[in-house]
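Residue 111 in our numbering is what sits at position 111 of the sequence shown, and the numbering runs on without skipping anything. Read through the structure below, which is laid out as structure tokens, and then see the notes.
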Amino acid sequence: MPRNLDMTALRSFVTVAECGGVTRAAGQLHLTQSAVSMQIKRLEEALGQPLLDRSGRGVALTAQGEQLLGYGRRILRLNDEVWSRMTDHAYEGEIVFGVPHDIVYPHVPLILQRFAVDYPRVKVQLISSYTRGLKAQMARGEVDLILTTESEVDAGGETLATHGLDWVGAPGGQAWKQRPLRLAFEYACIFRAGVQAALDRQDIPWEMAVESDSTRTVEASVSADLAVHAVVAGSTPPYMETVRHGGMLPQLPKININMYVAKGANAVLAGHLARAVRGAYGATQGAVAAE
1 MPRNLDMTAL
11 RSFVTVAECG
21 GVTRAAGQLH
31 LTQSAVSMQI
41 KRLEEALGQP
51 LLDRSGRGVA
61 LTAQGEQLLG
71 YGRRILRLND
81 EVWSRMTDHA
91 YEGEIVFGVP
101 HDIVYPHVPL
111 ILQRFAVDYP
121 RVKVQLISSY
131 TRGLKAQMAR
141 GEVDLILTTE
151 SEVDAGGETL
161 ATHGLDWVGA
171 PGGQAWKQRP
181 LRLAFEYACI
191 FRAGVQAALD
201 RQDIPWEMAV
211 ESDSTRTVEA
221 SVSADLAVHA
231 VVAGSTPPYM
241 ETVRHGGMLP
251 QLPKININMY
261 VAKGANAVLA
271 GHLARAVRGA
281 YGATQGAVAA
291 E
């Protein structure tokens, strides 16, 4: 029948081995020397093996003790990890993080990874939607922190970065040369009006060739060279390419990547996540809109 190791005794044994003596180990464990010696004796009796060679002036490990030391360190390390994970109540809870789909990469996976390491008992629910939808959800108290793509920043928001927009089309595609220029956009895309205005200013005729609620539909149409689209610079999907138009298309407006943090019950947790977001973007708290 399996038997269980005495974790307290095992910790005393490992500490004695690492400190090189009972006296130092007792001080580190905040126990008396006799208590440490008694625990190691109890462990020896349970295993039926001598663990310490007491024949000399100092303390040395027997062959069996050397073998147990490696196991003991691993067992204690796992024990301490489990204990920390299961009993650390400093930051428990769930937080809802909203991000527009077109800026999920490259930063959001790293943000989630680092936050999970720092706050392992906090569940982060990631939702992806359009800027307008995310701001409406925040107004209803449904999300704790959102990123947005906007030309300006509203009161209470913080600008993390400012990027231009790039024209994108199919790899090697020709749709960008057609007139009227065929566009593909989601109905709720916040870039849509700015793109159309830029075309109008240069008297370039255009038509909405693809309109959809589905990002996948737009992406498939652009990848098939049926239309062109606009994305935040540096976020061109791998199945599209930035259009090198040589001035045949207008320069598009710049876009801010903003962050808004709710002030509800999860404000403390949201603040911790906000710090992780700033770190990923290399931003500092300071570019905040006036209240």
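Cβ atoms here follow ideal geometry from the backbone N, Cα and C, with glycine treated the same way. Keep in mind it's a predicted model, so treat the numbers as computed, not measured.
Item, Value
"Buried versus exposed call for N4 [16 or more other C-beta atoms within 10 Å across all chains shown]", "exposed"
"Inter-residue spacing [alpha-carbon to alpha-carbon] between Q202 and Q178", "15 Å"
"Option nearest G156 by Cα separation, candidates V195, A63, A262 and Q137", "A262"
"Simplified DSSP state of F115, which is helix, strand or coil", "helix"
"Boundaries of the alpha helix (DSSP H) in which W83 is found, first to last residue", "A63 to T87"
"Short Cβ contact (8 Å threshold) for V104 with V168", "no"
"Simplified DSSP assignment, three categories, for Q137", "helix"
"Short Cβ contact (8 Å threshold) for L61 with A17", "yes"
"Where the beta strand (DSSP E) containing T159 begins and where it ends", "E158 to G169"
"Nearest neighbour of P250, chosen from V231, A198 and G234 [CA to CA]", "A198"
"Where D118 falls, given that 16 or more other Cβ within 10 Å makes a residue buried", "exposed"
"T301 versus T131: straight-line alpha-carbon distance, rounded", "The question about residue 301 has no answer, for the chain in this structure spans 1 to 291."
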